[in-house]
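Enquirer:
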Amino acid sequence: MMLRAEGLTKIYGKKVQTVAVNGVSYTFESGRCYSIVGPSGSGKTTLLYLLSAIETPDRGTVYFGDVDLFSMDEDERARFRAKHFGFVFQHFYLLPYLDALENVAVRFYLKGDKVDWKRAREVLSKLGIEEIKKPYEYSGGQQQRIAIARAIVTNPDVLFADEPTGNLDSRNSRIVFEILREIASEGKIVIVATHDTELAGTCDTIVRLKDGRIVSE
Ligand SMILES: Nc1ncnc2c1ncn2[C@@H]1O[C@H](COP(=O)(O)OP(=O)(O)OP(=O)(O)O)[C@@H](O)[C@H]1O
Ligand SMILES: [Mg+2]
């Protein structure tokens, strides 16, 4: 399976316009881990939002296999996303009134699957989260790992991760990148935006962004 960006462009603002992503065309192949690197403001988060169809492009589109993500209506697209994609947000977005296990388990509901509590616990445990409590009772790094568990628990075909090690120490960062590589080796597509150049180098391909454009691979 392939995820293909074609001329993806996103412009923010009316009076003062920012071209956050500027004509990006690129093919992501299954079984590979891609890191997206570039300075702050270069468009990494915006590109991940477009590729995962969270945001709608102003120009261009995204194909997953031969499915054009932006030819669907919004409900269809949301269902498609829940079924095929997992996303680790830069700012986690855990649901504050649910505990860690419920936050992870919610993904099964969204996908329309039966909740597999055992699997949810196992994935959390793999990321070093054993004690179950409310999100605000964890450290930032622990919340980040819960967000990762939530994104991977349903085995998505494409995993997007936005700075997934931004709040982690080097030991936990390595564990997370090992998990990302393992997911890619299972035949999934992994796309991770990161500032950590050392960890970026552990991915199969480094995609460099500058001013919303790919400058090299
Ligand atoms: N919702 C928004 N409304 C207006 N401008 C935005 C919005 N989101 C992003 N931008 C702008 O688009 C550009 C790209 O932002 P983006 O968040 O994609 O960068 P980034 O590479 O992820 O940066 P960082 O490394 O700091 O996370 C920036 O100039 C930013 O200010
Ligand atoms: Mg960002």
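Everything in the sequence shown is counted per numbering that gives the first Met the number 0, starting at 0 for the first residue and increasing by one.
Don't be surprised by glycine CBs; every beta carbon is placed ideally from N, CA and C.
DSSP three-state label for Tyr135, please.
Expert: In this structure, Tyr135 counts as helix in the three-state DSSP scheme.
Enquirer: Looking at C-alpha atoms only, which residue of Ile190, Ala148 and Leu179 is the closest neighbour of Glu121?
Expert: The candidate whose alpha carbon is nearest that of Glu121 is Ala148.
Enquirer: For Tyr96, count the other beta carbons within 10 Å of its own beta carbon; 16 or more makes it buried, fewer makes it exposed. Which is it?
Expert: By the 10 Å Cβ count, Tyr96 comes out exposed.
Enquirer: Looking at Val18 and Thr8, is the spacing between their C-beta atoms short of 9 Å?
Expert: yes
Enquirer: For Leu198, is the beta carbon positioned less than 8 Å from some heavy atom of ligand 1?
Expert: no
Enquirer: Report the three-state DSSP secondary structure of Gly200 (helix, strand or coil).
Expert: In this structure, DSSP gives Gly200 a state outside helix and strand, which the three-state scheme calls coil.
Enquirer: Quick check on Tyr25: does DSSP put it in helix, strand or coil?
Expert: DSSP places Tyr25 within a strand segment (E or B) once states are collapsed to three.
Enquirer: Please return the same chain residues whose Cβ sits closer than 6 Å to the Cβ of Pro38, not counting the five positions on each side in sequence.
Expert: For Pro38, there are no CB contacts under 6 Å within the same chain when 5 residues up- and downstream are skipped.
Enquirer: Where are the alpha helix (DSSP H) runs, 4 residues long or more, that stay fully inside the stretch 116-170, in chain order?
Expert: 116-125 and 139-151
Enquirer: Give the straight-line distance between the Cα atoms of Val61 and Lys187, rounded to the nearest whole angstrom.
Expert: 17 Å
Enquirer: Taking just the CA atoms, how far does Arg207 sit from Ile35?
Expert: 6 Å
Enquirer: Tell me whether Leu49 sits in a helix, a strand or coil according to DSSP, three-state version.
Expert: helix
Enquirer: Just checking, does the stretch 62-72 make contact with the stretch 126-141 on the three C-beta pairs under 8 Å criterion?
Expert: no
Enquirer: Quick check on Gly12: buried or exposed, where buried means 16 or more other Cβ atoms within 10 Å of its Cβ?
Expert: exposed
Enquirer: Under a CB-based cut-off of 9 Å, is Glu129 close to chain C?
Expert: The structure shown contains no chain C, having only a single protein chain.
Enquirer: From the DSSP output, in three-state form, read off Val175 for me.
Expert: helix
Enquirer: For the stretch 159-174 against the stretch 108-119, do three or more pairs of beta-carbon atoms, one drawn from each stretch, fall closer than 8 Å, so that the two count as touching?
Expert: no
Enquirer: Taking 8 Å as the line, does the beta carbon of Thr44 fall inside it for any heavy atom of ligand 2?
Expert: yes
Enquirer: Taking Pro56 as the reference, give the member of Ala4, Ala160 and Asp156 with the closest Cα.
Expert: Ala4
Enquirer: Any idea what DSSP makes of Leu68, helix, strand or coil?
Expert: Leu68 falls in the helix class under three-state DSSP.
Enquirer: CB-CB under 6 Å to Gly22, same chain, minus the five flanking residues each way: which ones, in chain order?
Expert: Gly6 and Thr8
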